Amino acid sequence: MNNSHQYNPLWNPDWFLSVILDNHIDAMVARYSCLLTLRLDFFYKKDTPRYLHQDHHALERDLRLLMNKMMQKAAIVGYFWVIEWTADHGFHAHAAYWLDGHQTQRSYPFAQQAGEFWKQLTDVAP
């Protein structure tokens, strides 16, 4: 993570977040000999009640529900996310799931399942 700023010179990495993520990554690599990373973005669809009345607490609640559901899958052994705000998407999350490479070599089915769970959670009124 130390060189991540070289790709976007206008971005200043948060040192505290970097330390937490580095420690998390180190722990996962030490625990599992074969890991796959599945990176996904989660945001609310425009013109939905959740998009129009969003806040980061609601997004965090929805993410926790999603992560709890996904952690029931045997191959998923961990996750992390970062919430940010942009004018295009409002509050949204960049998430990564850790998959045990000894249990699966295919991340796409998990991406599909996460998308379906996210729709079920967010396509209804809060």
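Its first residue numbered 1, the sequence shown is counted upward by one per residue in the UniProt record's numbering.
Every residue gets a Cβ at the ideal spot worked out from N, C-alpha and C, and that includes glycine.
Nothing here was measured: the structure is a model prediction, and the numbers come from that model.
Coil, strand or helix - residue i by DSSP
{"i": "S79", "result": "One detail in the question is off: residue 79 reads as Tyr in this sequence, not Ser. In the structure shown, Y79 sits in a strand (DSSP, three-state: E or B)."}
{"i": "Y97", "result": "strand"}
{"i": "T122", "result": "helix"}
{"i": "H57", "result": "helix"}
Option in the options with minimal Cα separation from residue i
{"i": "L99", "options": "W11, I20, M28, R61", "result": "M28"}
{"i": "I76", "options": "D55, Q105, L52", "result": "Q105"}
{"i": "L66", "options": "L10, F110, W85", "result": "F110"}
{"i": "L35", "options": "G101, D88, F80", "result": "G101"}
{"i": "H94", "options": "Q113, F80, L52", "result": "F80"}
{"i": "H24", "options": "G78, Q120, Q103", "result": "G78"}
{"i": "F42", "options": "A30, Q112, L121, H92", "result": "H92"}
{"i": "D47", "options": "G90, Q113, Q103, Q112", "result": "G90"}
Distance between residue j and residue i (C-alpha atoms, nearest Å)
{"i": "V124", "j": "K69", "result": "17 Å"}
{"i": "I83", "j": "D26", "result": "22 Å"}
{"i": "L63", "j": "K45", "result": "15 Å"}
{"i": "A96", "j": "G115", "result": "13 Å"}
{"i": "Y51", "j": "R31", "result": "38 Å"}
{"i": "M71", "j": "L10", "result": "35 Å"}
{"i": "M1", "j": "W15", "result": "At M1, the pLDDT of 44 sits below 50, so the modelled position is not reliable and the matter cannot be decided from this model."}
{"i": "A74", "j": "D88", "result": "35 Å"}
{"i": "Q120", "j": "L40", "result": "16 Å"}
{"i": "T122", "j": "L21", "result": "27 Å"}
{"i": "Y108", "j": "H53", "result": "31 Å"}
{"i": "W85", "j": "P13", "result": "16 Å"}
Residue environment, residue i, which counts as buried when at least 16 other CB atoms sit within 10 Å
{"i": "L17", "result": "exposed"}
{"i": "W118", "result": "buried"}
{"i": "L59", "result": "buried"}
Worksheet item: Curious, which full-length alpha helix (DSSP H) runs of at least 4 residues does the stretch 10-44 contain?
Response: 15-31
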